Amino acid sequence: MKKITLLILAALLVLNVAAKSPKYVFLFIGDGMGSAHVEMTRAALAATTKSKFRVGFAPLSFTDFPVQTTAKTHSSTRLITDSAAAGTALASGEKTSPGTIGMDTHHTKNLPTIAESAKKKGRKIAILSTVSLDHATPAAFYAHEKSRNQLAEIASWIPKSNFDLLAGSGLLEISPNYYDSIAQHHNYLVVRGEDAKFEKDEKVVWIQNKKENISSLPYAINRKEGDMTLPNMVEKAIDHVFNKDGFFMMAEAGMIDWAAHGNDAATIAMEVIDFSNAVAKAIEFYQEHPEETLIVVTADHETGGLTIGRGDRGYDTNLELLFNQTASKDVLGSKKILKINKNAGVGFTSGSHTAIPVPVYAIGQGSEEFAKPLDNTDIPNIIQELMGL
Ligand SMILES: [Zn+2]
Numbered sequence: 172m173k174k175i176t177l178l179i180l181a182a183l184l185v186l187n188v189a190a191k192s193p194k195y196v197f198l199f200i201g202d203g204m205g206s207a208h209v210e211m212t213r214a215a216l217a218a219t220t221k222s223k224f225r226v227g228f229a230p231l232s233f234t235d236f237p238v239q240t241t242a243k244t245h246s247s248t249r250l251i252t253d254s255a256a257a258g259t260a261l262a263s264g265e266k267t268s269p270g271t272i273g274m275d276t277h278h279t280k281n282l283p284t285i286a287e288s289a290k291k292k293g294r295k296i297a298i299l300s301t302v303s304l305d306h307a308t309p310a311a312f313y314a315h316e317k318s319r320n321q322l323a324e325i326a327s328w329i330p331k332s333n334f335d336l337l338a339g340s341g342l343l344e345i346s347p348n349y350y351d352s353i354a355q356h357h358n359y360l361v362v363r364g365e366d367a368k369f370e371k372d373e374k375v376v377w378i379q380n381k382k383e384n385i386s387s388l389p390y391a392i393n394r395k396e397g398d399m400t401l402p403n404m405v406e407k408a409i410d411h412v413f414n415k416d417g418f419f420m421m422a423e424a425g426m427i428d429w430a431a432h433g434n435d436a437a438t439i440a441m442e443v444i445d446f447s448n449a450v451a452k453a454i455e456f457y458q459e460h461p462e463e464t465l466i467v468v469t470a471d472h473e474t475g476g477l478t479i480g481r482g483d484r485g486y487d488t489n490l491e492l493l494f495n496q497t498a499s500k501d502v503l504g505s506k507k508i509l510k511i512n513k514n515a516g517v518g519f520t521s522g523s524h525t526a527i528p529v530p531v532y533a534i535g536q537g538s539e540e541f542a543k544p545l546d547n548t549d550i551p552n553i554i555q556e557l558m559g560l
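Take any residue in the sequence shown, note its place counting from 1, add 171, and you have its number in my numbering.
As C-alpha cells, then:
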C-alpha cells in the first residue's frame with residue numbers, strides 16, 4: 172500500500188513538474204548587485220520624480236516580480252566569494268573555490284553547466300555580458316579551468332561549447348588567428364558593433380568594434396551614440412535563439428561590480444537602470460509567451476558594502492544628486508565622487524566584495540519554485556529540474 176501511494180505521489184510530482192516546464196529561460200546576473208544597489212537606484216529615481224514616490228522607491232522592471240527572495244553566495248572555502256566561484260555556482264549548481272571556473276574545489280573534475288546541458292537537449296543558448304567574454308561570469312557557463320586568469324584557455328572553450336550566440340565586449344588574451352580559426356574550423360560568424368547583423372541559424376560571436384576598449388562596454392553613464400548596450404544585446408539575442416524547442420539565455424551586467432569596487436554610487440545607479448532595461452526586453456517576450464517563459468534575476472555577490480545612510484550625514488539623504496554626476500569615477504576622479512556619495516547620503520564599507528546574501532526575483536512558468544530561502548547553487552538546480560535537463 173505504502174509503495175503504491177509513493178508511486179502515485181511520484182507520478183503526480185512528475186506531472187506537476189512537466190506541466191510547469193518553461194521552454195524559454197532567462198537568467199539575468201547583476202554582477203556585484205546587492206539589495207542596496209537596487210534599492211538605492213529605486214530611491215534615487217523616486218527622489219527625482221514629482222510623483223507619489225518622491226520619498227520612497229520607484230519600480231524597476233523586475234522589482235514587482237511576484238517571487239522575491241535572497242540567495243547565499245559563499246564559496247566552498249571562503250565566506251566572501253568572487254565572480255569565478257559564484258559564477259560556477261550559478262552555472263553548475265556546485266560550490267567551488269574562489270578563482271575556479273567550472274571545476275570542483277580541488278580541480279579534480281569539470282562541473283557540467285546548465286547551458287551545456289540545455290544545449291545537449293536541443294535548446295539554443297545565448298551568453299551575453301557587458302564585459303569581456305572570457306571574464307569569470309560568462310566563462311563559468313562554457314569553460315572549465317583551474318583559474319579565471321587562464322584567459323586563452325578559457326577562450327578555447329567557446330568553439331567547443333557550440334553555443335548559438337556569445338556576445339560581449341571582446342576577448343582579452345587570444346591568439347592572433349583566434350577569430351579566423353573559430354570561423355574556419357567551427358563555423359562561427361564573428362560580428363562587431365552595435366548594428367551587427369547575423370542570420371538566425373548562424374553560430375555567432377558578437378563583440379565591439381576594433382577601436383573600442385576590449386575589456387568592457389562603456390559604462391551607461393559614459394555612453395555615446397553607437398555603443399553596444401545590454402538591452403540591445405538581449406533584444407537581438409531573443410530574435411536569434413527563439414525556436415520551437417526552447418532556449419536558455421544568461422545575460423550579465425558585469426560593470427555594476429566594477430563601479431561598486433570604485434565606490435562610485437552614481438555609476439552603479441546608471442548600470443542598474445540599464446540592467447533593468449535589459450530585463451524589460453525579456454519581460455516583453457514573457458508577455459507574448461507567458462505559459463512558456465521563466466525569468467530569474469539575481470546577482471553573483473554583493474560588492475562595496477553599499478548602504479543608504481551614513482554616519483556623517485545622520486538621517487539625511489539627497490539621492491537625486493546621483494543624477495547630477497555626468498561621468499564615471501575614472502573620468503571625473505575620486506574626489507568628486509566621494510563628495511557626491513557623501514552629499515547624497517550613501518556609504519560603502521569596502522572596495523571589495525561582501526558576504527551579504529543577494530536578492531533573487533522570478534516571474535513566469537515555474538517561478539514559484541524559487542519562493543524559499545535559497546543558496547546560489549539552488550538557482551541552476553531548480554532551473555535544470557524545471558527545464559527537464
Ligand atoms: Zn568584483
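Heads up, the beta-carbon is just placed ideally off N, CA and C, and yes, glycines get one too.
Only a predicted model underlies this, so the values are computations on that prediction, with no experimental measurement involved.
Does DSSP put residue i in a helix, a strand or coil?
{"i": "residue 550", "result": "helix"}
{"i": "residue 248", "result": "coil"}
{"i": "residue 531", "result": "strand"}
{"i": "residue 313", "result": "coil"}
{"i": "residue 204", "result": "coil"}
{"i": "residue 304", "result": "coil"}
{"i": "residue 499", "result": "coil"}
{"i": "residue 484", "result": "helix"}
{"i": "residue 285", "result": "helix"}
{"i": "residue 387", "result": "strand"}
{"i": "residue 371", "result": "coil"}
{"i": "residue 452", "result": "helix"}
{"i": "residue 321", "result": "coil"}
{"i": "residue 345", "result": "coil"}
{"i": "residue 542", "result": "coil"}
{"i": "residue 518", "result": "strand"}
{"i": "residue 212", "result": "helix"}
{"i": "residue 494", "result": "helix"}
{"i": "residue 138", "result": "Residue 138 falls outside the range modelled here, since the chain spans only 172 to 560, and no answer is possible."}
{"i": "residue 379", "result": "coil"}
{"i": "residue 191", "result": "coil"}
{"i": "residue 477", "result": "coil"}
{"i": "residue 280", "result": "coil"}
{"i": "residue 555", "result": "helix"}
{"i": "residue 197", "result": "strand"}
{"i": "residue 536", "result": "coil"}
{"i": "residue 399", "result": "coil"}
{"i": "residue 525", "result": "strand"}
{"i": "residue 336", "result": "strand"}
Between which residues of its own chain and residue i is the CB-CB distance below 7 angstroms, once the five residues before and five after are set aside?
{"i": "residue 433", "result": "500"}
{"i": "residue 548", "result": "260, 264, 265, 266"}
{"i": "residue 308", "result": "200, 202, 254, 258, 300, 423, 425, 471"}
{"i": "residue 502", "result": "393"}
With a threshold of 6 angstroms on Cβ separation, who are the neighbours of residue i within its own chain once the five nearest residues in sequence on each side are excluded?
{"i": "residue 448", "result": "402"}
{"i": "residue 295", "result": "335, 412, 414, 418"}
{"i": "residue 326", "result": "305, 342, 345"}
{"i": "residue 520", "result": "476"}
{"i": "residue 316", "result": "272, 324, 325"}
{"i": "residue 239", "result": "532"}
{"i": "residue 216", "result": "229"}
{"i": "residue 380", "result": "363, 364"}
{"i": "residue 189", "result": "With a pLDDT of only 49 at residue 189, under the threshold of 50, the placement of this residue in the model should not be trusted, and no figure is reported."}
{"i": "residue 421", "result": "198, 298, 312"}
{"i": "residue 227", "result": "217"}
In whole angstroms, what is the alpha-carbon distance linking residue i and residue j?
{"i": "residue 206", "j": "residue 445", "result": "16 angstroms"}
{"i": "residue 398", "j": "residue 480", "result": "34 angstroms"}
{"i": "residue 233", "j": "residue 355", "result": "41 angstroms"}
{"i": "residue 383", "j": "residue 492", "result": "30 angstroms"}
{"i": "residue 541", "j": "residue 244", "result": "16 angstroms"}
{"i": "residue 371", "j": "residue 416", "result": "14 angstroms"}
{"i": "residue 428", "j": "residue 440", "result": "11 angstroms"}
{"i": "residue 498", "j": "residue 329", "result": "34 angstroms"}
{"i": "residue 278", "j": "residue 494", "result": "45 angstroms"}
{"i": "residue 225", "j": "residue 213", "result": "10 angstroms"}
{"i": "residue 340", "j": "residue 404", "result": "11 angstroms"}
{"i": "residue 204", "j": "residue 292", "result": "31 angstroms"}
{"i": "residue 407", "j": "residue 285", "result": "22 angstroms"}
{"i": "residue 528", "j": "residue 351", "result": "42 angstroms"}
{"i": "residue 276", "j": "residue 319", "result": "13 angstroms"}
{"i": "residue 283", "j": "residue 550", "result": "15 angstroms"}
Got a sec? Which residues, its chain only, sit under 8 angstroms from residue i by beta carbon, not counting five neighbours each side?
{"i": "residue 489", "result": "218, 514, 515, 516"}
{"i": "residue 236", "result": "466, 468, 532, 533, 534, 538"}
{"i": "residue 281", "result": "273, 274, 315"}
{"i": "residue 525", "result": "205, 251, 472, 473, 474, 475, 476"}
May I ask whether a heavy atom of ligand 3 can be found less than 8 angstroms away from the beta carbon of residue i?
{"i": "residue 517", "result": "As far as ligands go, the structure on display features ligand 1 and does not contain ligand 3."}
Using the beta-carbon of each residue, find all residues closer than 6 angstroms to any heavy atom of ligand 1 and list them in chain order.
Taking each Cβ in turn, the ones that pass are 203, 254, 428, 432, 474, 524.
Cβ pair count under 8 angstroms reaching 3, the region 523-539 against the region 451-465
Between the region 523-539 and the region 451-465 there are three or more inter-stretch CB-CB distances shorter than 8 angstroms, so the stretches are counted as touching.
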